[in-house]
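Scroll down for the structure; my scribbles are underneath it.
Numbering (the numbering used here), first residue to last: 442 to 682.
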């Protein structure tokens, strides 16, 4: 069994969302993933009718059977200015595969971390096999993202079916995905060296897969002008017969 996963930080409403939205739609249709994972997906009443988040806007054109939006936090300020209307940052999943489980897991918030981070956990079914996935977006500081990775791995190891972990992990030191992800996991960066945040020449987006259950078939980091990030596109084979 093979599965194709696409992860993209869509950069909220920055940099002309309507133009970028068209490019994102075209890109997703071209690469045709089984599941799309979106970070910095906003439900922001400054820009949209409340409830019409960016994932829903995309899916009006894409037409996936499922569009799941999980709120990570309410945004109270931006650029040093208070936001006085409802605005939410979240994670979104789009897929045609049957979703048999969904839950949100809140990660620990450090005292000096301004943001609340979550794991969006879904289980999908393909070819009578259950695929467990942890979708997430870690805080943007070396110590914070490292602690989030360690915590997420510990939560993952409690699952009877080890999950795939993917998203904008904000890990600027790619070797950390190897060092701190335990011997059970393999990082996409181990297989393919890529840059996902071009403006700084950094890798921030990753997929970590349970070694016993999956193999990377293909890893690509691509997509021009979709966002400030490039999209991470991976194809996996399931090793379980």
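The beta carbon of each residue, even a glycine, is placed where N, CA and C say it ideally should be.
Identified DSSP bridge partners for residue i
{"i": "residue 651", "result": "626"}
{"i": "residue 485", "result": "528"}
{"i": "residue 510", "result": "533"}
{"i": "residue 685", "result": "In the structure displayed, the chain extends from 442 to 682; residue 685 sits before or after that span and is not available."}
{"i": "residue 643", "result": "638"}
{"i": "residue 480", "result": "450"}
{"i": "residue 490", "result": "According to DSSP, which records beta bridges pairwise, residue 490 is partnered with nothing at all."}
{"i": "residue 660", "result": "675"}
Identity of the residue in the options nearest residue i by Cα
{"i": "residue 469", "options": "650, 445, 600", "result": "445"}
{"i": "residue 610", "options": "453, 559, 518, 569", "result": "559"}
{"i": "residue 482", "options": "471, 515, 452, 656", "result": "452"}
{"i": "residue 516", "options": "484, 667, 654", "result": "484"}
{"i": "residue 508", "options": "476, 528, 525", "result": "476"}
{"i": "residue 630", "options": "457, 675, 588", "result": "675"}
{"i": "residue 643", "options": "616, 677, 654", "result": "616"}
{"i": "residue 598", "options": "622, 497, 577", "result": "622"}
{"i": "residue 553", "options": "472, 584, 462, 536", "result": "584"}
{"i": "residue 486", "options": "524, 473, 551", "result": "524"}
{"i": "residue 667", "options": "659, 464, 582", "result": "464"}
{"i": "residue 590", "options": "550, 541, 632", "result": "550"}
{"i": "residue 555", "options": "534, 518, 541", "result": "518"}
{"i": "residue 619", "options": "649, 640, 596", "result": "649"}
{"i": "residue 548", "options": "592, 528, 537", "result": "592"}
{"i": "residue 582", "options": "614, 660, 662", "result": "614"}
{"i": "residue 635", "options": "661, 656, 537", "result": "661"}
{"i": "residue 480", "options": "567, 489, 454, 520", "result": "454"}
{"i": "residue 448", "options": "539, 544, 534", "result": "534"}
{"i": "residue 537", "options": "462, 522, 567, 506", "result": "506"}
Element boundaries [beta strand (DSSP E), containing residue i]
{"i": "residue 683", "result": "With the chain covering only 442 through 682, there is no way to say anything about residue 683."}
{"i": "residue 567", "result": "559-567"}
{"i": "residue 448", "result": "443-450"}
{"i": "residue 577", "result": "570-578"}
Cβ shell of residue i (< 8 Å), same chain only, five flanking positions each side left out
{"i": "residue 466", "result": "499, 502, 503"}
{"i": "residue 570", "result": "442, 679, 681"}
{"i": "residue 638", "result": "644, 645, 646, 669, 670, 671"}
Range covered by the alpha helix (DSSP H) that runs through residue i
{"i": "residue 620", "result": "616-620"}
{"i": "residue 610", "result": "Per DSSP, residue 610 belongs to no alpha helix (DSSP H) and is neither H nor E."}
{"i": "residue 589", "result": "583-597"}
{"i": "residue 469", "result": "458-472"}
{"i": "residue 497", "result": "495-503"}
Residues of its chain near residue i, where Cβ-Cβ distance is below 6 Å and the 5 sequence neighbours each way are ignored
{"i": "residue 531", "result": "482, 510, 511, 512, 513"}
{"i": "residue 664", "result": "468, 671, 672"}
{"i": "residue 492", "result": "none"}
{"i": "residue 576", "result": "478, 532, 561, 608"}
{"i": "residue 658", "result": "676, 678"}
{"i": "residue 564", "result": "541, 542, 571, 573"}
{"i": "residue 633", "result": "660"}
{"i": "residue 488", "result": "454"}
Close beta carbons around residue i, own chain, < 7 Å, minus the five adjacent residues each side
{"i": "residue 654", "result": "603, 679, 680, 681"}
{"i": "residue 586", "result": "579, 580, 610, 611, 612"}
{"i": "residue 652", "result": "625, 626, 627"}
{"i": "residue 546", "result": "559, 560, 562, 596"}
{"i": "residue 460", "result": "none"}
{"i": "residue 472", "result": "447, 674"}
Those runs of the beta strand (DSSP E) which lie wholly inside the region 513-548 and span at least 3 residues: 528-536, 540-547
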